[in-house]
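Numbering of the sequence shown is given in the working numbering, commencing with residue 921 and proceeding in unit increments. Glycine is no exception: its CB is placed at the ideal position from the N, C-alpha and C atoms. Quick caveat, the model's predicted, so the values are computed rather than measured. In what follows, a structure is listed as structure tokens, so that the remarks can point back to it.
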Amino acid sequence: MSSYIEPIRFALIVFPFLALAISSVFFIYEYRKYGTFILTRAIVLYSFVFYLLCAYFLVILPLPTKEAVAQMTGPKMELHLFATWEHFRQNTVLVLSDPSTYLPAMRQSVFLEPVFNLLLIVPFGIYLRYYFRFSFIKTVIASFCLSLFFELTQLSGLYFIYPRPYRLFDVNDLLTNTLGGALGFIIEPVFTFMLPTRARMDEISYEKGKTVSLTRRLVAYLIDWGFLSVLTFIITLLLQAAFKIGSITSSGGWIFIEVILYFMLVPYLTNGRTLGKRIVRIKIVADDNSKLSFKSLFVRYAYLYFIFYGLSWISQLLQIVFDHTTGVTQLTSVFIYLGILFAQFIFVLNIILSFIRKKRVLFYEKASHTHTISTIEDKHKQ
């Protein structure tokens, strides 16, 4: 039993880190397909990954040393179908007419091993029917393929890391595992009757996806600036290699170039989309549903970027003025600087309050007469 507990304990240690990597993939995928991220779907998918992780560890652990495996001389494969049943009949203490033998028989390895192999793939069959909506035939085939993957992993000596297999390749395990997947398909309603159906999850996701949340816009913002950071890094390397002037991308004016080209010109040419907006499936449109103009985009992003960064640039100039002047001029620069800080504070506070109050239209959208809409379409209703 300890050999079974160890893989689960190991999975509990590894899984949070694996889940962190998977969550980022599913986060983008969910936003790309549905425009939202619901907790129920996340729990189902993460539990499915956790189950597969535990099952895999149960198959490969505990790991012996290479020296111990090299000294093994036992058979590598069991190709005799129903050998498990024959082995059970020859070694079991079970006597059907004697109930006192039932419990001892259930404790024997000849009983526990095939039962474990049966139960190992039962959750797989449940998930395939419940979430992935597989038919019975597809579930049986998928269960067989998963079992075959496990058996080939053992036969290959953990992908040829070991000089020979340290566990037996058994066709009886293939049969038992496949039956376990079929059993999981049959008993699925017993375990999922209280959960929302996959169709209901999709319906909720598509319904929420019609609304452009501020979180969704923030994801698009982060993707866009992440892309621009990578692009800027590449341009810097190219300029440095070709002209020895890589420092141009670190100047304040470079941000204005990025905003004009990427956030104004690109959406104008792509009907309101940037890379980030395309990934989370949102776009900018005019309030009157007319063609999006460059002027509207200029006003929109001038309010969003030029005011904030422009004020920051002015504050840097004021610092120079303050350092090289005295008297009234110096005092005036201080008051202007404080005014800029206050304006920037109001700018940031407005956005924070919009997130808290879940306002859909921000101040720069009102000024530019534009707004953001979702491009998600419910395929089930088409």
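Might you give, ordered along the chain, the residues of its own chain that have their beta carbon closer than 6 Å to the beta carbon of residue i, omitting 5 neighbours on each side?
i	result
Gln1302	Its pLDDT being 48, under 50, Gln1302 is placed unreliably in this model, and the value from its coordinates should be taken loosely. Around Gln1302: no qualifying Cβ.
Glu1178	Leu1148
Leu1217	Met1184, Pro1187, Tyr1188
Thr1096	Pro1034, Asn1037, Leu1038
Leu1282	Ser1274
Leu1134	Phe1275
Phe1056	Phe1105
Phe1054	Leu1048
Phe1262	none
Met1026	none
Val1248	none
Asp1090	Glu998
Tell me, which residues are paired with residue i by DSSP?
i	result
Thr1190	DSSP lists no partner for Thr1190.
Ser1294	Ile1202
Glu998	Asp1090
Spatial neighbours of residue i within its chain, please: CB distance less than 8 Å, with the 5 preceding and 5 following residues excluded, ordered by chain position.
i	result
Ala1287	Val1219, Arg1220, Tyr1223
Gly1100	Asn1037, Leu1038, Leu1039, Leu1040, Ile1041, Val1042, Phe1044, Gly1045, Ser1063
Gly1230	none
Thr1194	Ala1140, Asp1144, Tyr1182, Phe1183, Val1186, Pro1187
Gly1077	Val989, Pro1083, Arg1084, Pro1085, Tyr1086
Ala1206	Leu1212, Ser1213, Ser1216, His1289, Thr1290
Asp1022	According to the sequence as given, residue 1022 is Tyr; it is not Asp. Excluding positions up to five away in sequence, the list reads Leu1014.
Ile1175	Tyr1225, Tyr1229
Val934	Leu973
Thr1245	Ser1253
Ile1271	Leu1282
Since residue i and residue j should fall inside the 8 Å C-beta cutoff, what is the C-beta to C-beta distance between them, to a whole number of angstroms?
i	j	result
Thr1117	Ser1063	About 22 Å; that fails the 8 Å criterion.
Glu998	Leu1088	6 Å
Ile1293	Lys1203	6 Å
Leu1094	Glu1071	6 Å
Lys996	Pro1085	5 Å
Val1200	Arg952	7 Å
Gly1129	Thr956	5 Å
Phe1105	Leu1158	That belief does not hold up - the Cβ atoms of Phe1105 and Leu1158 are roughly 56 Å apart, past 8 Å.
Phe1228	Phe1267	6 Å
Ile958	Ile1061	Not really, about 30 Å apart at Cβ, beyond 8 Å.
Leu1051	Val964	For the sequence presented, residue 1051 should be read as Tyr rather than Leu. Rounded, the Cβ-Cβ distance is 5 Å, consistent with contact.
Tyr1126	Tyr949	Rounded, the Cβ-Cβ distance is 15 Å, inconsistent with contact.
Leu938	Leu972	Not quite, the Cβ-Cβ distance comes to about 10 Å (not below 8 Å), so this is no contact.
Residues in its own chain within less than 7 Å of residue i by CB, not counting five upstream and five downstream?
i	result
Ile1260	Leu1231, Ile1234, Ser1235
Glu1297	none
Glu1006	none
Ala1003	Asn1092
Thr960	Pro1116, Met1121
Tyr1284	Arg1220, Tyr1223, Leu1224
Thr1295	Arg1201, Ile1202, Lys1203
Ile1256	Leu1238
Thr1059	Gly1045, Leu1048, Arg1049, Gly1101, Ala1102, Phe1105
Pro984	Tyr1086
Ala975	Leu1040
Gly1192	Lys1203, Ile1204, Val1205, Leu1212
Val945	none
Nearest chain B C-beta to residue i closer than 8 Å, yes or no?
i	result
Thr1194	Given the protein chain composition of this structure (a single chain), no chain B is represented.
Does the pairing of the segment 1022-1030 with the segment 1002-1012 give three or more beta-carbon distances under 8 Å?
yes
May I ask you to verify whether the segment 1237-1248 touches the segment 1203-1217, counting CB pairs closer than 8 Å and requiring at least 3?
By the C-beta criterion, the segment 1237-1248 is judged not to be in contact with the segment 1203-1217, since fewer than 3 inter-stretch pairs fall below 8 Å.
Could you tell me which whole alpha helix (DSSP H) segments of length 4 or greater appear in the segment 1082-1162?
1091-1112, 1118-1129
What are the uninterrupted segments assigned as alpha helix (DSSP H) that are 4 or more residues long and contained completely in the segment 953-980, given in chain order?
959-980
Starting from the N-terminal side, write out each stretch of the alpha helix (DSSP H) that is 4 residues or longer and does not extend beyond the segment 1004-1077.
If you keep only unbroken alpha helix (DSSP H) runs of at least 4 residues inside the segment 1004-1077, you get 1022-1026, 1029-1040, 1042-1050, 1056-1075.
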